[in-house]
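2 protein chains.
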Amino acid sequence: MLRGDITVAIRNAVMNELAEVGYGRLSIEAVARRAGVGKTAIYRRWSNKLEMVMEIVSDIAERKVPLPDTGSFAGDLQLLMFIVSKALQHRIASQIIPDLMAEAARNPQIAETLQGALRTQQQALAEKLVGQAVTRGELPEGTDPKLAVDLMLGPLYWRLAISRDPIGDEYLEQLAAAVTGALKAARP
Amino acid sequence: MLRGDITVAIRNAVMNELAEVGYGRLSIEAVARRAGVGKTAIYRRWSNKLEMVMEIVSDIAERKVPLPDTGSFAGDLQLLMFIVSKALQHRIASQIIPDLMAEAARNPQIAETLQGALRTQQQALAEKLVGQAVTRGELPEGTDPKLAVDLMLGPLYWRLAISRDPIGDEYLEQLAAAVTGALKAARP
Numbered sequence: 212m213l214r215g216d217i218t219v220a221i222r223n224a225v226m227n228e229l230a231e232v233g234y235g236r237l238s239i240e241a242v243a244r245r246a247g248v249g250k251t252a253i254y255r256r257w258s259n260k261l262e263m264v265m266e267i268v269s270d271i272a273e274r275k276v277p278l279p280d281t282g283s284f285a286g287d288l289q290l291l292m293f294i295v296s297k298a299l300q301h302r303i304a305s306q307i308i309p310d311l312m313a314e315a316a317r318n319p320q321i322a323e324t325l326q327g328a329l330r331t332q333q334q335a336l337a338e339k340l341v342g343q344a345v346t347r348g349e350l351p352e353g354t355d356p357k358l359a360v361d362l363m364l365g366p367l368y369w370r371l372a373i374s375r376d377p378i379g380d381e382y383l384e385q386l387a388a389a390v391t392g393a394l395k396a397a398r399p
Numbered sequence: 212m213l214r215g216d217i218t219v220a221i222r223n224a225v226m227n228e229l230a231e232v233g234y235g236r237l238s239i240e241a242v243a244r245r246a247g248v249g250k251t252a253i254y255r256r257w258s259n260k261l262e263m264v265m266e267i268v269s270d271i272a273e274r275k276v277p278l279p280d281t282g283s284f285a286g287d288l289q290l291l292m293f294i295v296s297k298a299l300q301h302r303i304a305s306q307i308i309p310d311l312m313a314e315a316a317r318n319p320q321i322a323e324t325l326q327g328a329l330r331t332q333q334q335a336l337a338e339k340l341v342g343q344a345v346t347r348g349e350l351p352e353g354t355d356p357k358l359a360v361d362l363m364l365g366p367l368y369w370r371l372a373i374s375r376d377p378i379g380d381e382y383l384e385q386l387a388a389a390v391t392g393a394l395k396a397a398r399p
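Line by line, the protein sequences are chains Y and R. Under this note's numbering, the first residue of the first sequence is numbered 212, with each subsequent residue one higher. Under this note's numbering, the first residue of the second sequence is numbered 212, with each subsequent residue one higher.
Rendered as structure tokens:
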């Protein structure tokens with residue numbers, strides 16, 4: 212295998228092992244076996260399990276979500292929520308996210324790394340969407356992008372992970388209208 | 212110990228063990244030791260670990276939150292969010308909730324039990340708050356209590372568990388105003 216192929220194989224093996232057995236029971240041996248590489252190939256790249264998992268997961272969490280300007284804040288929101296709800300329902304993500312959150316509650320280093328990766332990504336997304344809406348005159352100047360993140364992603368996550376109710380187009384439309392109303396009503 | 216005291220001791224032991232070692236590593240032996248009772252005292256009450264943990268956790272999740280009518284929807288919301296954010300930040304809850312969510316992602320029986328317990332409680336809360344607001348003329352007739360739950364609890368949970376930003380009075384006030392705006396703007 213080429214060097215880049217090995218990295219991809221390891222990354223896929225880590226994600227699948229995380230989904231199947233969770234961080235606590237994940238072993239470098241099992242990752243190497245699954246990726247079809249030797250353990251040295253792993254130790255050449257990362258010095259331990261924590262470092263390996265955190266780098267791979269952060270890379271994915273920080274990937275840019277392509278968000279074309281749909282022309283309205285409600286449209287932008289609906290598109291973002293559609294993408295996020297698909298991502299959260301993905302077979303691998305829906306196993307890995309709760310597992311890593313449980314690890315984060317026990318291990319401050321995991322909590323800080325994940326928080327850092329998610330913050331960067333979410334802040335950038337919210338600034339883009341809110342910025343566009345302010346320019347269009349849809350939201351008041353000074354709308355808080357952090358509050359926007361909580362309102363855009365929190366209800367979706369709650370519904371998927373906690374109430375476990377299905378999310379359809381109608382719900383996304385209703386939620387997008389609600390969040391637009393929320394940001395108009397929030398004092399900046 | 213009296214019968215009721217034994218049940219309380221077991222319940223406390225289960226919650227503390229859950230917080231410390233998580234569901235996966237929790238053992239009936241450790242719970243008995245911690246509660247100062249014999250294993251038979253546990254097996255007289257529950258036939259296995261899953262049944263024991265689910266009954267105890269559901270009981271707590273279903274406990275009524277006392278919610279006095281503050282006279283306005285924004286006031287009711289702020290009070291609810293204050294109580295929920297304190298509960299989610301509680302030392303034991305902040306360990307147990309992510310752990311059980313991770314278990315729920317692996318075990319459909321855990322997912323269904325937790326979902327059932329939370330749904331009943333949240334639905335009742337939302338119906339009460341939304342009902343009062345509709346009576347006061349603050350929200351339109353037909354406002355969806357399920358959407359209200361997602362909007363009232365999702366952003367708080369996201370902020371506490373995922374972005375891990377602090378929640379102060381100012382934020383709760385801002386969020387309460389936003390959620391009120393959201394429910395006014397959502398098509399019923």
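Even for Gly, the Cβ is constructed at its ideal location relative to N, Cα and C.
Per DSSP, reduced to three states, the secondary structure at R:Gly233 is helical. The beta carbon of R:Lys357 is closer than 8 Å to those of Gln334 and Ala337 in its chain, skipping five residues each way along the sequence. Taking the CA atoms as reference points, R:Val219 sits about 15 Å from R:Arg274.
Distances from the alpha-carbon of R:Trp257 to those of R:Met363, R:Leu367, R:Arg222 and R:Val390 put R:Arg222 closest.
Taking the Cα of R:Leu325 as reference, the smallest distance to any Cα among R:Leu340, R:Pro309 and R:Lys339 is reached at R:Pro309. Proximity of the segment 381–392 of chain R to the segment 378–397 of chain Y meets the contact definition, three or more beta-carbon pairs being nearer than 8 Å. Three or more pairs of CB atoms, one per stretch, sit closer than 8 Å, so the segment 306–321 of chain R contacts the segment 232–242 of chain R. Within the model, the alpha-carbon separation for R:Met265 versus R:Ala252 is close to 17 Å. Within its own chain, the residues whose Cβ lies closer than 8 Å to the Cβ of Y:Leu364, once the five positions on either side in sequence are excluded, are Val295 and Gln333, listed in chain order. A distance of 8 Å or more separates the beta carbons of Y:Asp287 and Y:Leu367. Contact with chain R is absent for Y:Asp380, since none of that chain's Cβ atoms lies less than 8 Å from the residue's Cβ. In the structure shown, R:Pro277 adopts coil according to DSSP, grouped into three states. Contact annotation: Y:Asp361 and Y:Ala397 have beta-carbon atoms that are not nearer than 8 Å. For chain Y, the residues of the segment 369–397 of chain R that bring a beta carbon within less than 9 Å of one of its beta carbons are Trp369, Arg370, Ala372, Ile373, Ser374, Arg375, Asp376, Tyr382, Glu384, Gln385, Leu386, Ala388, Ala389, Val390, Thr391, Gly392, Ala393, Leu394, Lys395, Ala396 and Ala397, in chain order. Here Y:Ala359 is actually not in contact with Y:Ile303; their C-beta atoms are around 27 Å apart, not less than 8 Å. Listed along chain R, no residue sits closer than 7 Å to Y:Met263 by beta-carbon distance, the nearest being about 20 Å off. For R:Leu394, the uninterrupted alpha helix (DSSP H) segment begins and ends at Asp380 to Ala396.
Collapsing the DSSP output to three states places Y:Glu228 in a helix.
Contact annotation for Y:Ala322 against chain R: Arg375 [CB-CB distance below 7 Å, chain order]. Interface residue (Cβ-Cβ distance to chain Y less than 8 Å): R:Gln326 is classified as such. Between R:Met226 and R:Ile307, the CB-CB gap stays under 8 Å. DSSP, read as helix, strand or coil, puts Y:Leu299 in helix. For R:Pro319, the enclosing alpha helix (DSSP H) covers residues Pro319 to Thr346. Collapsing the DSSP output to three states places Y:Met212 in coil.
Judged by DSSP in its simplified three-state form, R:Leu350 adopts coil rather than helix or strand. Straight through space, the alpha carbons of Y:Val248 and R:Asp380 are spaced by roughly 53 Å. Its chain contains Glu352 and Thr354 as the residues whose beta carbon lies nearer than 7 Å to that of Y:Val345, once the 5 sequence neighbours on both sides are disregarded; these appear in chain order.
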